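This note's numbering puts the first residue of the sequence shown at 142, with every later residue one more than the last. Cβ coordinates follow ideal geometry from the N, Cα and C atoms, glycine included. All values derive from a computational prediction rather than experimental measurement.
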Amino acid sequence: MFLSPRSKIQHKAFTLIELLVVIAIIATLIGLLLPAVQKVREAVSRLKCANNLKQIGLAIQNYHDVYNSFPPGGGGLVNPIPIPPIHGWGLYILPQLEQENLFKQYDWNRNWYNTALNTSGFSNQQVVQNKIPTFQCPSTPRGETLTTYSIKAYLPAIINASSGPSDYSPFIDIQMNLITWLQQNNLITAGTFNNTNRFGVLQDSKPHRIGELIDGSSNTVMVGEDAGRPDVYQLGKKTSGVSSCAGWGDRENVIALNGIRLDPTSGTGFAWNGPVGVNAVNGNEIYAFHTGGANTLFADGRVVFLTTKLNIVTLCQLISFNDGQVVGDY
């Protein structure tokens, strides 16, 4: 009896060393590819974030077409504190963001945090707790549940409320403390920014028209990222505490530029009023989870990525719509 040639072939198995070598090669390849994959993922998220701002920009322009003014950065008279009812800026552009049903459920005669049922069968607090994807940057780390946070409510009592998250805020003004710091450090002269030209085009409780933009719509920033709230972030790290302004329905969801001074020795600690205006802290300042900067919406509809190296005076010039200055490079 003869055996076929095939039956004489012996199959040799992998040795343990060979298997370990293969695993090591695969692990190395994964290690090399992972950063590239993460960069691509972040690039996609940053693009989606920019598209969100473009939608918001289109909504604001459509609002202007209907009402002949931009929406205010927040509703409620200020003299010197807001007089109820008060509303967040995002409520004004709900119809232009295809959120007509939410807009109809909201009662403008009550505060945004009011818990009494409206004629629609919903309370204002229930309405603003809805999550709207257009207001959320995909790069922002966020849980599924809403965080309840304390608000001053401009009354003696502290009220706990929550709102659907918003990673975008309107630029309402340059804070006087920052202006003073800039003058003291000889970065600007007295009167460069004052109570007639330190406000943003989406000024709190005061709608403006396109014709009022003396500096031009291409030189005026309207909305920027202030991401991650109500969690508090400083220089990319989550810290303890909860922000008192977080959602698209919250009147205090604004950027009122203070600027930050970093600790010159460690580069980590900070104090208010200083030369850093981007990605230092997410408390009514520009802050994003994109590497190197944050997305911003200009009055002409452009979305511009402002870097962490942006000169603080240039940022002030972009916020003011009527300072009459030549804007620096950005």
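For the segment 198-246, the full-length alpha helix (DSSP H) segments reaching 4 residues or more read 230-233 and 241-246 along the chain. With a threshold of 16 other beta carbon atoms within 10 Å, L174 falls short and is exposed. With contacts defined by Cβ atoms closer than 9 Å, Y428 and T448 do not form a contacting pair. Straight across, the Cα-Cα distance linking T156 with E183 is about 41 Å.
Using a Cβ-Cβ distance cut-off of 8 Å, the segment 162-172 and the segment 240-255 are not in contact, since fewer than three pairs of beta carbons, one from each stretch, lie closer than that value. Boundaries of the beta strand (DSSP E) around L438: G434 to F439.
When C-beta atoms of the segment 385-396 are compared with those of the segment 321-334, fewer than three pairs fall below 8 Å, so the two segments do not count as touching. If you ignore the 5 residues before and after L194, its C-beta comes within less than 6 Å of the C-beta of N436, L438 and V444, all in its own chain and listed in chain order. Taking the Cα of L456 as reference, the smallest distance to any Cα among C386, L323 and G198 is reached at L323. Within its own chain, the residues whose Cβ lies closer than 8 Å to the Cβ of L451, once the five positions on either side in sequence are excluded, are G418, V419, G434 and Y471, listed in chain order.
Rounded to whole angstroms, the separation of the alpha carbons of G172 and W389 is 39 Å.
An exposed status is given to V467, since fewer than 16 other beta-carbon atoms sit within 10 Å of its beta-carbon. Judged by DSSP in its simplified three-state form, K379 adopts strand. Within the DSSP bridge table, the entry for I427 names V419 as partners.
Contact annotation, V454 with G469: C-beta distance approximately 7 Å; criterion of less than 8 Å satisfied. I300: not part of any alpha helix (DSSP H); member of the beta strand (DSSP E) spanning I300 to A302, first to last residue. Counting only the Cα atoms, Q179 lies some 30 Å from P311. Under DSSP, E393 takes part in no beta bridge, so it has no partner. In chain order, N318, L319, W322, N399 and G400 place their CB closer than 6 Å to the CB of N414, counting only its own chain and leaving out the 5 sequence neighbours on each side. In its own chain, leaving out the 5 sequence neighbours on each side, no residue places its CB closer than 7 Å to the CB of E285. Secondary structure note for T455: its alpha helix (DSSP H) is the uninterrupted segment I453 to I460.
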